[in-house]
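Q: Sending over a structure as structure tokens; questions will come in a sec.
Numbering (the UniProt record's numbering), first residue to last: 1 to 206.
The structure is reproduced here in structure tokens:
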């Protein structure tokens, strides 16, 4: 099974607030707004190195309320914008789910414009290890990254902090190909931190 980092997720209570926060922090501009009708969310994207991208996402107040929990636990989001999740791209989602921990989710098919993908979405909206375990995605069309704005962003390091760091490390072993820039450390409070190379220097997103 081939896998790689697909994207990093910045969640926000309001999309424009989240976009402006990320743009000011990184000194770059995001692409146009997109919508996810099935999840009742909307987002902005910008490209990163190695074919990955950075996403700012929030509940769309004009979308219909879904009958299921939204992804990335957005139904329970509060506070300011922050790095909330990460996503791994796999070439065989069924094989990935077979070696992933319980709770990664059920397979849901999505389509937007020319892009089609399958993604494992937790029934509760919360990914294992308090969101420190990645969401799993399989693209069934061209990947969107080449068409996104490219400002030279580069992931230097993704740090996953969790009280049960040893178990998280074990759970991620089948996905080692995507772990090149990922570090797992013990901590009392689960969190994600990403060091990003930008035109203005190295920036931490937390």
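Just so it is clear, CB atoms sit at the ideal spot from N, CA and C, and this is done for glycine as well.
1. Between 79, 31, 51, which has its C-alpha nearest residue 206's C-alpha?
2. Please name the residue in 65, 168, 118 whose C-alpha comes closest to that of residue 186.
3. Following the continuous alpha helix (DSSP H) through residue 24, name the residue where it begins and the one where it ends.
4. At which residues does the alpha helix (DSSP H) containing residue 94 begin and terminate?
5. Indicate whether the contact test is met: 3 or more Cβ pairs, each with one atom in the region 135 to 142 and one in the region 154 to 171, closer than 8 Å.
6. Could you tell me the boundaries of the alpha helix (DSSP H) in which residue 111 lies?
7. Only counting the same chain, and skipping five residues up and downstream in sequence, which positions put a Cβ closer than 7 Å to that of residue 39?
8. Suppose you measure from the CA of residue 49 to the CA of residue 188; what does that come to, to the nearest Å?
9. When burial is assigned at 16 or more other CB atoms within 10 Å of the CB, is residue 2 buried or exposed?
10. Quick check on residue 171: does DSSP put it in helix, strand or coil?
A: Judging by the given coordinates:
1. Residue numbering aside, residue 206 sits at position 206 when the chain shown is read from its first letter. When only C-alpha atoms are compared, the closest one is 79.
2. Along the chain shown, one-based indexing puts residue 186 at 186. For residue 186, the nearest C-alpha among the options comes from 168.
3. Position 24 of the chain shown, counting from 1, holds the residue named residue 24. Unbroken alpha helix (DSSP H) run through residue 24: 15 to 26.
4. The sequence position of residue 94 within the chain shown is 94, counting from 1. Residues 93 to 99.
5. no
6. Position 111 of the chain shown, counting from 1, holds the residue named residue 111. Note, residue 111: premise wrong, no alpha helix (DSSP H); beta strand (DSSP E) at 106 to 112.
7. The sequence position of residue 39 within the chain shown is 39, counting from 1. Counting only Cβ-Cβ distances below 7 Å, and skipping sequence neighbours, we find 66, 70, 71.
8. Mapped onto the chain shown, residue 49 falls at position 49. Mapped onto the chain shown, residue 188 falls at position 188. Roughly 31 Å between the two C-alpha positions.
9. Position 2 of the chain shown, counting from 1, holds the residue named residue 2. Residue 2 should be labelled exposed.
10. What you label residue 171 is simply residue 171 of the chain shown in a count that begins at 1. Looking at residue 171 - three-state DSSP - the assignment turns out to be helix.
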